[in-house]
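So the mapping is simple: this note's numbering equals the position in the sequence shown, first residue as 1, plus 1386.
From the three backbone atoms N, C-alpha and C, an ideal C-beta is built for every residue, glycine too.
Inspection log for the structure reproduced underneath, given as structure tokens.
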Amino acid sequence: MPIYEYRVTEKAAGCNYCRHGFDALQKFSDGPLTTCPECGAPVRRVITRFSACVSEPAEESLALEEKLTSYENEGMWSHAAELADKSGLQERAMDDYKKAGYNF
Ligand SMILES: [Zn+2]
């Protein structure tokens, strides 16, 4: 089922519920909401996404990527290689091990 995010169109008109945006789980057959269920202020749909697509590991891998890149930028190849190795990035690890001077 898709999750729709709504936000009030005019901040001055909204309540605490809709001013920061709220999620609404709706059926496809339902029309889009036009007003806040709490205060009746006009709202618009800002994002459409599917609940199945919401994944937190994306943030984790982003942090990992940042760390790897910073090691690589500083030429800390063995550090980068170990981290990549531990994180299951075998190709990246091999690459960094080679740059660190290891021979396979
Ligand atoms: Zn409201």
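Counting along the chain, Ala1410 sits inside the beta strand (DSSP E) bounded by residues 1408-1411. The straight-line gap separating the alpha-carbon atoms of Asn1459 and Ala1466 is approximately 10 Å. Its Cα nearest to that of Ile1389, the residue Gly1417 stands out among Gly1417, Ala1399, Arg1405. Contact between Lys1413 and Arg1405 is absent: CB atoms are separated by about 26 Å, not below the 8 Å threshold. For the pair Ala1479 and Ala1470, the Cα-to-Cα distance works out to about 5 Å. With respect to the 7 Å criterion, Val1432 and Glu1391 are classified as neighbours on the basis of their beta carbons.
Counting other Cβ atoms within 10 Å of its Cβ, Gly1400 reaches 16 or more and is therefore classed as buried. Ranked by Cα distance from Lys1472, the first of Arg1393, Met1462, Leu1454 is Leu1454.
Unbroken alpha helix (DSSP H) stretches of 4 residues or longer found wholly inside the region 1440-1474: 1443-1459, 1463-1472, given in chain order.
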